[in-house]
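Written below as structure tokens is the structure these notes are about.
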Amino acid sequence: MRFLIALSPLVLLAACATPQQQCLSNVTQDLRVNAFLIAQTQANLDRGFAIDRQQRVSRGFDMCRERNRDGSIDTRLCPVQKVRTVNVPQAINLTVERDTLNQLLATRANLERRTAAATAQCRTLYPE
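Pasting the structure below:
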């Protein structure tokens, strides 16, 4: 149920886009993903290692206040759980990473051609 409540603003936002905007978003998604992967792979090569984002959970105690039945407020220790995201360096094979980058760059040219044709089709089907 919470999941549906969390998604409701996204559904409302998606409904605000015009049909042309929705069509353009759909046809350019593969190109956007490819561009992200190229940037990520290039950054890994520049650094010499990849970065893995991990969540670390720590448990402890914190002061909390609690209202009693008589209306008075007590302060006591309450257990808390804190989550933080850390960047952990990961070793990579630079040769494999370069090959991956070359494949992504080769794929980009094909995706750009397909996206240009699909974008023109969207603009024809849904003029603004």
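Residue -11 is where the sequence shown starts when you use our numbering, and the numbers rise one by one after that.
The beta-carbon is built from N, C-alpha and C at its ideal position, and this holds for glycine as well.
Nothing here was measured: the structure is a model prediction, and the numbers come from that model.
The count of Cβ pairs closer than 8 angstroms, one atom from the stretch 7 to 22 and one from the stretch 91 to 99, reaches three, so the stretches are in contact. Judged by beta-carbon spacing, TYR114 lies within the 8 angstroms limit of CYS11, meaning their Cβ atoms are closer than that value. Short of 6 angstroms from the beta carbon of THR73, and not among the five residues preceding or following it, lie these beta carbons of its own chain, in chain order: ARG41, GLN43. Apart from the 5 residues on each side of it in sequence, LEU25 sits with its Cβ closer than 6 angstroms to the Cβ of LEU92 in its chain, given in chain order. In summary, THR112 is exposed, with fewer than 16 beta-carbon neighbours lying within 10 Å of its beta-carbon over all protein chains present. For PHE24, the uninterrupted alpha helix (DSSP H) segment begins and ends at 7 to 35. Between the beta-carbon of ASN75 and that of ILE39 there is about 5 angstroms, and that keeps the pair under the 8 angstroms contact cut. With contacts defined as CB atoms closer than 8 angstroms, ARG64 and GLU54 qualify as a contacting pair. Residue ASN22 holds the alpha-carbon nearest to the alpha-carbon of THR88 among THR6, ASN14, VAL71, ASN22. Under the three-state reduction of DSSP output, ASN98 falls in the helix class.
Between ASN56 and ASP62, the gap from beta carbon to beta carbon is short of 8 angstroms. Rounded to whole angstroms, GLN109 and THR6 show a C-alpha spacing of 15 angstroms. Taken in chain order, the unbroken stretches of alpha helix (DSSP H) that lie wholly in the stretch 70 to 116 and span 4 residues or more are 82 to 113.
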